Amino acid sequence: MSSKRASTMPAPPKPPTSLASSLIIAEHASLTGTHLITLGPNTVVHPRARFNSAHAPITVGSNCIICERSLIGFQSDAAANERKGAVIENGVVIEVGAVVEARTVGEGTVVEVQAKIGKGAVLGKHCKIGPLCEIAEGEVIPDFTVVYGNGMRRLDSSGVEDLKLKMVARQIEVLKKLIPSNLAKFQ
Amino acid sequence: MSKKQPKGEYIETDTGNKVSRRSQIIGTTNIILGGKTVIQAEVIIRGDLLRTYPPSNPSEKQGNTVAVAIGRYCFFSRGCELRPPGKLYKGQFSHYPLKIADHVFVGPSSIIEAALIGSHVNIGASVVVGKFAIIKDYVRILDGSVVPPNMVIPSFSVVAGRPARVVGEIAEGEVDGMDLREVYRGVGNA
Chain A
21 MSSKRASTMP APPKPPTSLA SSLIIAEHAS LTGTHLITLG PNTVVHPRAR FNSAHAPITV
81 GSNCIICERS LIGFQSDAAA NERKGAVIEN GVVIEVGAVV EARTVGEGTV VEVQAKIGKG
141 AVLGKHCKIG PLCEIAEGEV IPDFTVVYGN GMRRLDSSGV EDLKLKMVAR QIEVLKKLIP
201 SNLAKFQ
Chain B
28 MSKKQPKGEY IETDTGNKVS RRSQIIGTTN IILGGKTVIQ AEVIIRGDLL RTYPPSNPSE
88 KQGNTVAVAI GRYCFFSRGC ELRPPGKLYK GQFSHYPLKI ADHVFVGPSS IIEAALIGSH
148 VNIGASVVVG KFAIIKDYVR ILDGSVVPPN MVIPSFSVVA GRPARVVGEI AEGEVDGMDL
208 REVYRGVGNA
């Protein structure tokens, strides 16, 4: 591996962005690509999170938490019915290292550590994709599904979605104080 | 055949810690490294996820803000991540300190969100340790395991699987192999 030196390659394209003013985006987050990236209010983007809109736009709702090393955005060209790109709804938590190429991630869903969501998949509301789990391309996951272990699924019928959303909101309050936001860099 | 190391891959501190220049350590003032610890490239340590004390004693000064405390002779391979776990406790969300003891080896691309890791622990590659897990001493976690949140792994166990289960015990002789002093000496700088 060559040692670190001043970058001689041109910087990756800076995408057009629409960032809400109450967004917390860490300085070392990386937004690249050519399509529009929209990040909603009250969302927290940890350092080293990567958004890549080279092939399709990305929309993130409010009250989301995007953790480090996660990769959001299509990695190859979008099909005709995926022109809207990746849409992440409100209250979604994307944990460390997850790769999300889904067309839609429903409200309140938690994508756990290093999960891989294939291109164009549709995740329902309040789902939980366990750590290291993989969702195939184009797959549709119904609401309230929990994907865990080696591809096992079950339905979450505990009825605590509202409490979970409140928990995410509390977490965001705390993260707001801990992570310095650098909106100007990405606008 | 030895490749000439790039200039100063590792920064060596007074206490003998070897920290790669390409590691991504955030919140360095809240991280304690015991000494003789190796941190390879692309390791992320979140020292910024501090404990947010409930305002029960506002006059008391927060002297001790430690997010991550690491012991001696630890080895953090490329791409791993140490993150203090957080949870909602009595209506208040807070992160809690991550404490790691001596001679802990963490394999590449592993993500550690445990509360406590004991000494002489060997964690494999691509392991996910869930929030608030407690790993006792002399444990080996095999590659690709997922330790669920809040799991307590007893001493001298071998753990594997998703979710991780105890699959064996550390043999008497293996205990010496978990000492990381030789590994530390092997980490070179041109």
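If you're matching them up, the sequences are chains A and B in order.
Sequential numbering of the first sequence, starting at 21, is according to this note's numbering.
Sequential numbering of the second sequence, starting at 28, is according to this note's numbering.
The beta carbon of each residue, even a glycine, is placed where N, CA and C say it ideally should be.
Note that the structure is a prediction, hence the values are computed from the model and not measured.
1) Using a Cβ cut-off of 7 Å, pull out every chain A residue sitting near V75 of chain B, in sequence order please.
2) Please classify P32 of chain A: is it buried, with 16 or more other beta-carbons within 10 angstroms of its beta-carbon, or exposed?
3) When you compare each of B:D164, B:Y123 and B:G157 to M205 of chain B by their alpha carbons, which one comes out closest?
4) So, I66 of chain B versus V46 of chain B, is the Cβ gap smaller than 8 Å?
5) Have a look at A198 of chain B and P36 of chain A and give me their C-alpha separation to the nearest angstrom.
6) Is S121 of chain B close to chain A, meaning its C-beta is less than 8 Å from at least one C-beta of that chain?
7) Sorted by chain position, which residues of the same chain lie with C-beta nearer than 6 Å to G171 of chain B's C-beta, five sequence neighbours on each side aside?
8) Please report the distance separating the alpha-carbon of G128 of chain A from that of G171 of chain A.
9) Note down the Cα distance separating V193 of chain B from T58 of chain A, rounded to an integer number of angstroms.
10) Checking contacts by CB at 8 Å: is E201 of chain B closer than that to chain A?
11) Determine, for R70 of chain A, whether the minimum Cβ-Cβ distance to residues of chain E falls below 8 Å.
12) Using a 10 Å radius around the Cβ and a threshold of 16 neighbouring Cβ atoms, would you call G98 of chain B buried or exposed?
13) Does N202 of chain A come within less than 8 Å of chain B when only Cβ atoms are used?
14) Report yes or no: is there a C-beta of chain B within less than 8 Å of the C-beta of E88 of chain A?
15) Let's test the definition: count the other Cβ atoms within 10 Å of the Cβ of P200 of chain A and tell me whether it reaches 16, buried, or not, exposed.
16) Taking 6 Å as the limit between beta carbons, can you name the residues of its chain near G93 of chain A, skipping five residues before and five after?
17) Closer than 7 Å, Cβ to any Cβ of chain B: which residues of the segment 145-172 of chain A, in chain order?
18) What does G117 of chain A touch in chain B if you count any residue whose Cβ is under 7 Å from its own?
19) Which two residues bound the contiguous beta strand (DSSP E) that contains G62 of chain B?
20) Grab me the residues of G60 of chain A's own chain with a C-beta within less than 6 Å of its C-beta, minus the 5 sequence neighbours each way, in chain order.
21) Tell me the start and end of each unbroken beta strand (DSSP E) in the segment 72-120 of chain A that is at least 3 residues and wholly inside, in chain order.
22) Where does G53 of chain A sit, in a helix, a strand or coil, going by DSSP?
23) Within 10 Å of its beta-carbon, does Y116 of chain B have 16 or more other beta-carbons around it, so buried, or fewer, so exposed?
24) Rounded to whole angstroms, what's the CA-CA distance from T42 of chain B to V179 of chain B? Just pull it up for me.
25) Measuring CA to CA, which of B:A160, B:E108, B:F183 and B:G157 is closest to N149 of chain B?
26) I'd like to know if G134 of chain B contacts chain A, where contact means its C-beta is closer than 8 Å to some C-beta of that chain.
Short version:
1) Val is not the amino acid found at residue 75 of chain B; the sequence shown has Asp there. Contact of D75 of chain B with chain A by beta-carbon distance below 7 Å involves L198 and I199.
2) P32 of chain A should be labelled exposed.
3) Relative to M205 of chain B, the option among B:D164, B:Y123 and B:G157 whose CA is nearest is B:D164.
4) Yes, these two residues count as a Cβ contact at 8 Å.
5) Distance between the alpha carbons of A198 of chain B and P36 of chain A: 58 Å.
6) Proximity of S121 of chain B to chain A, defined by a Cβ-Cβ separation below 8 Å, is satisfied.
7) Within the same chain, G171 of chain B has close Cβ partners S153.
8) Spanning the alpha carbons of G128 of chain A and G171 of chain A requires a straight line of approximately 21 Å.
9) Approximately 45 Å between the Cα atoms of the pair.
10) Interface with chain A (8 Å Cβ-Cβ cutoff): E201 of chain B is excluded.
11) You won't find chain E in this structure, because its protein chains are A and B.
12) Counting every other CB atom within 10 Å of its CB across the protein chains shown gives G98 of chain B a total of 16 or more, marking it as buried.
13) Taking Cβ atoms only, chain B never reaches closer than 8 Å to N202 of chain A, which makes this a no.
14) E88 of chain A has a beta carbon lying within less than 8 Å of a beta carbon in chain B.
15) When all chains shown are included, P200 of chain A counts as exposed.
16) Cβ neighbours of G93 of chain A beyond the five flanking positions: F71, N72, S73, I78 and A106.
17) Against chain B - using a Cβ distance shorter than 7 Å - the residues of the segment 145-172 of chain A are P151, L152, G169 and N170.
18) Near G117 of chain A (Cβ distances below 7 Å), the residues of chain B are I138.
19) Segment I58 to G62, the beta strand (DSSP E) holding G62 of chain B.
20) Non-local C-beta neighbours of G60 of chain A in its own chain, meaning closer than 6 Å and more than five positions away in sequence, comprise A40, V80, G81 and S82, ordered along the chain.
21) Those beta strand (DSSP E) runs which fall completely within the segment 72-120 of chain A and span 3+ residues are 78-80 and 106-108.
22) In the structure shown, G53 of chain A sits in a strand (DSSP, three-state: E or B).
23) When all chains shown are included, Y116 of chain B counts as exposed.
24) Rounded to the nearest angstrom, the two C-alpha atoms are 31 Å apart.
25) Among B:A160, B:E108, B:F183 and B:G157, the Cα nearest to that of N149 of chain B is on B:F183.
26) Not one chain A Cβ lies under 8 Å of G134 of chain B.
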